[in-house]
Amino acid sequence: MVKQSNDKLFNSLVKGLNDAIDYSNGENVHGVQARIVSIPKLPTFKGKEIKSIRNKLHLTQTIFAQTLGVSEKTIEAWESGRNIPQGPAQRMLFVLKNNSNALDVLGVKYG
Numbered sequence: 036m037v038k039q040s041n042d043k044l045f046n047s048l049v050k051g052l053n054d055a056i057d058y059s060n061g062e063n064v065h066g067v068q069a070r071i072v073s074i075p076k077l078p079t080f081k082g083k084e085i086k087s088i089r090n091k092l093h094l095t096q097t098i099f100a101q102t103l104g105v106s107e108k109t110i111e112a113w114e115s116g117r118n119i120p121q122g123p124a125q126r127m128l129f130v131l132k133n134n135s136n137a138l139d140v141l142g143v144k145y146g
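Under the working numbering, the letters of the sequence shown match residues 36 to 146, in that order.
The following block contains the structure:
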């Protein structure tokens, strides 16, 4: 019974690898779909623009920091130009700048 189970697994792996080879050689493989994903270049937001985003959202530095999952000191450093946000923070700033529903999506409620 174990040998039969191992044989089935082996055959499944061989089929998957052969399908991958066929697909990489440009052949159509049943059940395989290609998707082209375009990811924009990571933006670079600096002090004045970060403050502008925060002001547009009508958030204090404290609430903005909580929204982004960083400290208030980090927001102060970004807005003063002492530090520049990296990676995920830049992407999140991009979302907050360009999506009027971003705070709703993040579950941020204020009034």
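All C-beta atoms, glycine included, are put in the ideal place defined by N, C-alpha and C.
Check, Outcome
"Can you tell me where the alpha helix (DSSP H) with Thr102 in it begins and where it stops?", "96-103"
"Inspect the CB distances between the region 118-129 and the region 73-88 and report whether three or more fall short of 8 Å.", "yes"
"Out of Lys38, Gly51, Ser87, state which residue places its alpha-carbon closest to the alpha-carbon of Phe129.", "Ser87"
"Do the CB positions of Ala100 and Ile110 come within less than 8 Å of each other?", "yes"
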